[in-house]
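A quick write-up on the structure given underneath.
Residue numbers (my numbering): 93 to 175.
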């Protein structure tokens with residue numbers, strides 16, 4: 093079994109990193125996963141930067157703009173907001 097396959101079949105749960113947390117009117121939480129957020133912003137930045145011939149740089153900037161949110165300090169703040 094390849095290392096990649098072992099990681100996928102591992103029983104260790106994946107860590108969920110949060111980008112945004114918002115409380116809805118009904119008291120539930122709207123949670124935006126960090127990876128989804130970065131990919132979405134990357135695609136938007138790609139589209140905007142294509143107007144001046146820099147779509148690849150735009151995507152990269154979008155993907156990297158919130159990398160600091162992977163820090164344990166930021167994630168701790170997000171978890172406090174969900175309580």
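Each residue gets a CB set at the ideal place from its N, CA and C atoms; glycine is no exception.
Next on the checklist: Within 10 Å of its beta-carbon, does residue 108 have 16 or more other beta-carbons around it, so buried, or fewer, so exposed?
Outcome noted: Burial call: exposed.
Checklist entry - Where does residue 133 land, buried or exposed, given buried means 16+ other C-beta within 10 angstroms? => result Counting of Cβ neighbours within 10 angstroms places residue 133 among the buried residues, the total reaching 16 or more.
Next on the checklist: By the DSSP assignment, the alpha helix (DSSP H) with residue 140 in it spans what residues?
Outcome noted: In the DSSP assignment, residue 140 falls within the unbroken alpha helix (DSSP H) covering 126–141.
Checklist entry - Around the C-beta of residue 159, are 16 or more other C-beta atoms found within 10 angstroms, so that it is buried, or is it exposed? => result Label assigned to residue 159: exposed.
Next on the checklist: Please return the same chain residues whose Cβ sits closer than 7 Å to the Cβ of residue 122, not counting the five positions on each side in sequence.
Outcome noted: Within the same chain, residue 122 has close Cβ partners 114 and 116.
Checklist entry - Taking the C-alpha atoms as reference points, what is the distance between residue 147 and residue 155? => result Approximately 12 Å between the Cα atoms of the pair.
Checklist entry - Which class does residue 157 belong to by DSSP, given the choice of helix, strand or coil? => result Look at residue 157 here: in three-state DSSP terms it is coil, with no helix or strand label.
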